[in-house]
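Residue numbers for the sequence shown follow the numbering used here, so the first one is 31 and each next one is one higher. Every residue, glycine too, gets a C-beta built ideally from N, C-alpha and C. Note that the structure is a prediction, hence the values are computed from the model and not measured. One structure below.
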Amino acid sequence: MTILSADEAPFSLSSRPDYAAALQQLREASRAYYGGESGLLDDAAYDRLRRSVLAWEAEHPDEVAQDSPTGLVGDGAAPVGDIAHTTRLLSLDNVFDADGLIAWGASLQRRLGRELAGGFTVEPKMDGAAVAARYRDGRLVQIITRGDGTHGEDVSHVIGTMDGLPEQLPFPATFEVRGEVLFTQQQFETANEVRTAHGAPVFANPRNGTAGTLRAKDRPYRLAMTFWAYGAVELDGVALAPAGATHAEVLAAVARAGVGTTADTPAGLHVVATLAEAQQKVDEIAAMRPGLPFGIDGVVIKANDAAEQAAAGYGSRFPYWAIAFKLPAVERQTVLRDVVWEVGRTGVLAPTAILDPVDLDGSTVTRATLHNPADIRRRDLHLGDTVTVYKAGDIIPRVQAAVPGLRPDGAREVPLPTACPQCGGGINKDQERWRCARGTACALPALIEYAAGRDMLDIDGLGRTYVKALIESGDVADVADLFTLTEEQLTAASGSARRGAKLAAQIEAAKSRPLSRIFCSLGVLGTGRSMSRRIAAYFGTMDAIRRADAERMQEVDGIGGEKAPVIVEQVASLSAVIDKLVAAGVNMREPQQPEATREGPLAGKTVVVTGKMSGPLAGAGRTEVNALIEKAGGTAGSSVNSRTTYLVCAPSASGKPSSKAVKATELGVTVLTPEAFAELVADYLTGS
Ligand code: IVH
31 MTILSADEAP FSLSSRPDYA AALQQLREAS RAYYGGESGL LDDAAYDRLR RSVLAWEAEH
91 PDEVAQDSPT GLVGDGAAPV GDIAHTTRLL SLDNVFDADG LIAWGASLQR RLGRELAGGF
151 TVEPKMDGAA VAARYRDGRL VQIITRGDGT HGEDVSHVIG TMDGLPEQLP FPATFEVRGE
211 VLFTQQQFET ANEVRTAHGA PVFANPRNGT AGTLRAKDRP YRLAMTFWAY GAVELDGVAL
271 APAGATHAEV LAAVARAGVG TTADTPAGLH VVATLAEAQQ KVDEIAAMRP GLPFGIDGVV
331 IKANDAAEQA AAGYGSRFPY WAIAFKLPAV ERQTVLRDVV WEVGRTGVLA PTAILDPVDL
391 DGSTVTRATL HNPADIRRRD LHLGDTVTVY KAGDIIPRVQ AAVPGLRPDG AREVPLPTAC
451 PQCGGGINKD QERWRCARGT ACALPALIEY AAGRDMLDID GLGRTYVKAL IESGDVADVA
511 DLFTLTEEQL TAASGSARRG AKLAAQIEAA KSRPLSRIFC SLGVLGTGRS MSRRIAAYFG
571 TMDAIRRADA ERMQEVDGIG GEKAPVIVEQ VASLSAVIDK LVAAGVNMRE PQQPEATREG
631 PLAGKTVVVT GKMSGPLAGA GRTEVNALIE KAGGTAGSSV NSRTTYLVCA PSASGKPSSK
691 AVKATELGVT VLTPEAFAEL VADYLTGS
């Protein structure tokens with residue numbers, strides 16, 4: 031079930047002037063959208079406004095404006111050209127949750143007068159722009175935008191720039207293929223580099239970039255995009271697939287002609303017999319979304335059989351035999367209030383945007399990453415700007431672009447640091463990513479202190495003062511150096527032979543800490559205590575961690591497509607430090623506790639924890655609760671999936687369940703309150 035956040039749920043329009051104002055807002059926003067500008071409303075706000083207008087229109091059928099955008103394809107704002115479409119290029123009606131899909135299934139059944147017999151197809155809804163591409167005798171001769179569904183613009187200037195839409199087919203077929211064109215993430219990054227090199231502003235997001243690129247006929251550069259077909263129709267009375275072919279067969283024929291189809295995407299095209307199975311595929315595709323190399327804004331379910339499609343028929347804007355299951359927004363607009371700078375383990379100055387809170391893909395986002403000073407300037411970010419923020423799944427939220435039309439008067443450019451925000455020293459600006467001139471030394475004290483902590487290497491007595499002394503004397507330049515310190519060096523740093531001897535003994539003991547703690551002490555980005563425990567438990571040895579590529583790394587619970595390559599790259603860059611740890615005789619194995627021999631109330635169970643703890647666990651942090659789970663024989667998970675046994679989650683104050691709770695309900699996972707969970711593990715609570 032999809033839960034809309036408060037600011038995504040429709041609101042009620044109370045008067046005719048409200049209705050007229052809402053129509054005007056809809057028109058302006060969709061004109062900006064189709065013009066390739068950053069939209070004046072983000073998708074969630076647009077959908078919300080649109081549904082409010084639809085609700086008002088349903089209640090006041092006699093007062094519906096003749097020219098209401100809700101009755102027009104593309105809400106009537108897509109630029110209309112003068113090329114007539116062969117048959118209307120329609121849009122799709124939307125549902126937002128499982129109940130909506132069931133209601134659509136029921137309406138389809140009513141139209142057919144019986145249950146659907148030919149099954150459904152399920153495929154991704156690509157977030158780009160619809161085009162029709164005409165092939166005559168195997169040659170791509172024309173590309174047309176959707177326009178108002180009846181007429182579109184000729185954008186044949188993009189012929190030759192789209193992967194998946196070859197200029198020449200292997201056989202002389204004549205037909206029209208319909209599908210979505212977009213920038214993949216990779217193409218989007220390249221496009222923005224090309225634009226920057228030409229002094230053009232970067233695109234706000236791939237979809238805006240696509241709309242702008244289709245319209246721009248006189249750019250001095252060409253940008254590669256990708257096309258995926260989701261249908262084909264006759265051209266000049268000639269069809270590609272035989273009459274009566276199913277949707278899946280039509281796409282297979284298109285693929286044989288060498289044109290990319292939705293079936294070729296990693297999300298694929300699935301043929302299923304029932305709507306329940308379709309819902310399952312929707313969930314699977316939704317779960318894949320963060321890892322897909324392009325944006326999707328939903329999943330499309332269609333009746334597969336041609337005769338059943340014809341029997342269900344068409345409305346003025348969309349076919350009755352297909353429906354878009356919209357996924358929650360992963361891109362929203364909010365206001366950029368501030369930018370703070372932190373110094374990372376490698377001395378890099380990392381900017382973080384401080385934002386007005388916004389609900390994105392099930393969580394409230396208040397901070398987002400920015401890349402570096404050059405990128406901040408390229409995006410022309412000002413404090414007070416309304417910016418688009420992107421977040422999906424486990425991906426760290428990031429700021430995409432400012433919406434120039436919404437910049438407040440007098441807004442100042444984001445200020446860049448003039449001194450290292452950590453040590454106040456100079457900044458090395460040789461590269462786009464600025465660094466503290468002292469490099470790793472700047473962040474080293476914090477890293478070593480963190481590594482020596484009680485739940486890490488547990489080197490009792492090695493506090494801030496001694497760490498500082500050891501770094502200043504040059505005895506410690508990385509975490510591995512701790513293990514080769516002599517008693518003399520420790521005596522000098524601590525100022526006492528007794529303390530030196532005690533520290534040396536502590537360090538000797540620290541050599542046999544479990545791999546999870548040793549790994550965590552390296553300070554690899556994105557690997558805190560529980561993530562390090564999961565990585566160590568999964569791989570078992572440091573060697574196996576070092577051998578893992580990004581694909582393998584993603585097999586660890588909670589590591590997504592974005593995080594995996596970062597971890598792999600960081601582990602590789604720490605190669606020399608890890609070698610030193612090995613040479614110093616530090617343990618490189620995780621003691622494996624076979625599932626079967628584990629004991630306790632959670633033996634063999636995977637538990638995910640979310641939200642604030644209450645009752646006996648009030649104030650407990652995630653690390654403590656995860657440690658408690660493991661003590662009670664269980665495994666701590668980060669995301670709810672089919673392997674999850676319990677989700678521990680306090681009921682939310684707002685009454686709106688968290689995305690994890692929604693997922694748990696969908697999958698039939700038992701949800702426990704923190705109090706119920708505390709009762710389950712009561713015997714393990716003391717001293718946790
Ligand atoms: S089917 C007659 N399938 O979504 C069938 N549309 O919001 C009409 N879209 O206008 C479209 N992926 O531009 C279909 N797999 C897919 C799609 C898809 C993206 C776009 C298409 C459509 C819009 C409706």
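Cβ-based neighbour list, S718, same chain, cut-off 7 Å, excluding 5 preceding and 5 following: Mapped onto the sequence shown, residue 718 falls at position 688. Low local confidence applies: a pLDDT of 40 at S718 is under 50, so the model's placement there is unreliable, with the coordinate-based value given in what follows. Closer than 7 Å at Cβ, skipping near neighbours: E654, A657, L658 and K661.
Whole runs of the alpha helix (DSSP H) within the region 334–407, excluding any shorter than 4 residues: 336–342
Three-state secondary structure (DSSP) of D439: The residue labelled residue 439 in the question sits at position 409 within the sequence shown. Three-state DSSP puts D439 in coil, outside helix and strand.
C-beta contact flag for P403 and P427 at 9 Å: Counting from 1 along the sequence shown, the entry for residue 403 is found at position 373. Counting from 1 along the sequence shown, the entry for residue 427 is found at position 397. In this structure, P427 does not lie closer than 9 Å to P403 by Cβ.
Beta-carbon gap between I608 and L555 smaller than 9 Å: Here residue 608 refers to the residue found at position 578 when the sequence shown is read from its first residue. Here residue 555 refers to the residue found at position 525 when the sequence shown is read from its first residue. No; because the gap between Cβ atoms is not below 9 Å, this pair is not in contact.
Y350 beta carbon near the ligand IVH (any heavy atom closer than 8 Å): Residue mapping note: residue 350 aligns to position 320 of the sequence shown, counting from 1. No - the ligand IVH has no heavy atom lying nearer than 8 Å to the Cβ of Y350.
A341 versus D48: straight-line alpha-carbon distance, rounded: Reading the sequence shown from its first residue, position 311 is the one you call residue 341. Reading the sequence shown from its first residue, position 18 is the one you call residue 48. The alpha-carbon atoms of A341 and D48 are separated by roughly 39 Å.
D127 versus R319 - alpha carbon distance: Looking up residue 127 in the sequence shown gives position 97. Looking up residue 319 in the sequence shown gives position 289. For D127 and R319, the distance between alpha carbons rounds to 16 Å.
R176: CB within 8 Å of a non-hydrogen atom of the ligand IVH: Taking the first residue of the sequence shown as 1, we reach residue 176 at position 146. Because some heavy atom of the ligand IVH lies under 8 Å away, the Cβ of R176 counts as near it: yes.
Residue nearest to E145 in terms of C-alpha spacing, selected from D335, T276, E264 and A221: As a position in the sequence shown, residue 145 is number 115, starting the count at 1. For E145, the nearest C-alpha among the options comes from D335.
Heavy atom of the ligand IVH within 8 Å of K155 beta-carbon: Indexing the sequence shown from 1 puts residue 155 at position 125. It does: the Cβ of K155 is within 8 Å (strictly closer) of some heavy atom of the ligand IVH.
For T256, the residue or residues it bridges with in DSSP: In the sequence shown, residue 256 corresponds to position 226, counting from 1. In the DSSP output, where bridge partners are listed per residue, T256 has D193 and L212.
A36 to L43 span [Cα, whole Å]: Residue numbering aside, residue 36 sits at position 6 when the sequence shown is read from its first letter. Residue numbering aside, residue 43 sits at position 13 when the sequence shown is read from its first letter. Any reading at A36 needs caution, since the residue's pLDDT is 44, under 50, leaving its predicted position unreliable; the model's value is listed next. Near 16 Å, if we compare the C-alpha coordinates of L43 and A36.
Proximity of A708 and G645 at Cβ, strictly below 9 Å: Indexing the sequence shown from 1 puts residue 708 at position 678. Indexing the sequence shown from 1 puts residue 645 at position 615. In this structure, G645 lies closer than 9 Å to A708 by Cβ.
Helix, strand or coil at F569 [DSSP, three-state]: Reading the sequence shown from its first residue, position 539 is the one you call residue 569. Helix at F569.
Length of the line joining the Cα atoms of L366 and H401: For this step, residue 366 is matched to residue 336 along the sequence shown. For this step, residue 401 is matched to residue 371 along the sequence shown. Each residue's Cα considered, the two are about 15 Å apart.
When G101, E338 and T364 are compared against L390, the one with the closest alpha-carbon: Here residue 390 is taken as the residue at index 360 of the sequence shown, counted from 1. Ranking G101, E338 and T364 by Cα distance to L390 puts T364 first.
Span of the alpha helix (DSSP H) around E264: Counted from its first residue, the sequence shown places residue 264 at position 234. From DSSP, E264 is part of no alpha helix (DSSP H); its letter is neither H nor E.
Identity of the residue in A254, N235, P200 and I315 nearest D73 by Cα: Locating residue 73 in the sequence shown gives position 43, counting from the first residue. Closest by alpha carbon: N235.
Exposure of L251, with buried meaning 16 or more beta-carbon neighbours within 10 Å: Position 221 of the sequence shown, counted from the first residue, corresponds to residue 251. Going by the sequence as given, residue 251 is Tyr instead of Leu. With fewer than 16 other Cβ atoms within 10 Å, it is exposed.
N124 CB to nearest heavy atom of the ligand IVH below 8 Å: Within the sequence shown, the letter at position 94 stands for residue 124. Yes, the Cβ of N124 comes within 8 Å of a heavy atom of the ligand IVH.
Beta-carbon spacing of M572, L545 below 9 Å: By one-based count along the sequence shown, residue 572 stands at place 542. By one-based count along the sequence shown, residue 545 stands at place 515. The Cβ-Cβ distance between M572 and L545 falls below 9 Å.
Under the three-state DSSP convention, the category V280 falls into: Position 250 of the sequence shown, counted from the start, is the residue given in the question as residue 280. Helix at V280.
Coil, strand or helix - G135 by DSSP: As a first step, residue 135 is located in the sequence shown; it is residue number 105 there, counting from the start. In the structure shown, G135 sits in a helix (DSSP, three-state: H, G or I).
Cut-off 7 Å between Cβ atoms - residues of its own chain near L253, not counting five sequence neighbours on either side: Within the sequence shown, numbered from 1, the residue matching residue 253 stands at position 223. Correct list, in chain order: T191, A221, V224 and T243.
Any 3 or more C-beta pairs closer than 8 Å across the region 411–424 and the region 456–476: no
The region 662–676 in contact with the region 626–637 per 3-pair CB rule at 8 Å: yes
Enclosing beta strand (DSSP E) for R169 [first to last residue]: Indexing the sequence shown from 1 puts residue 169 at position 139. Looking at the DSSP string, the run of the beta strand (DSSP E) that includes R169 is R169 to T175.
Exposure label - E462; buried when at least 16 CB within 10 Å: The residue given as residue 462 occupies position 432 in the sequence shown. So E462 ends up on the exposed side.
Distance cut-off 8 Å: E709 Cβ against heavy atoms of the ligand IVH: Here the question's residue 709 lines up with position 679 in the sequence shown. For the ligand IVH, not one heavy atom lies less than 8 Å from the Cβ of E709.
Proximity winner among R547, T116, A306 and A578, relative to N617 (alpha-carbon distances): Along the sequence shown, one-based indexing puts residue 617 at 587. Ranking R547, T116, A306 and A578 by Cα distance to N617 puts R547 first.
Straight-line gap, L53 to L79 (C-alpha atoms, nearest Å): Translated into the one-based positions of the sequence shown, residue 53 becomes position 23. Translated into the one-based positions of the sequence shown, residue 79 becomes position 49. Their backbone Cα atoms lie some 9 Å apart in a straight line.
Separation of D713 from G158, as counted between CA atoms: Position 128 of the sequence shown, counted from the first residue, corresponds to residue 158. Position 683 of the sequence shown, counted from the first residue, corresponds to residue 713. Each residue's Cα considered, the two are about 55 Å apart.
Counted within 10 angstroms of its Cβ, other Cβ atoms place R164 as buried (16 or more) or exposed: Within the sequence shown, residue 164 is the residue found at index 134, counting from 1. The residue is buried, with at least 16 neighbouring Cβ atoms inside 10 Å.
For V302 and Q293, believed in contact at Cβ under 8 Å, the rounded distance: Here residue 293 is taken as the residue at index 263 of the sequence shown, counted from 1. Here residue 302 is taken as the residue at index 272 of the sequence shown, counted from 1. Contrary to the premise, residue 293 reads as Ala rather than Gln in this sequence. Contact flag wrong, Cβ pair sits at about 14 Å.
T665, buried or exposed, once every other Cβ within 10 Å from all chains shown has been counted against 16: Your numbering for residue 665 matches position 635 in the sequence shown. Result: buried.
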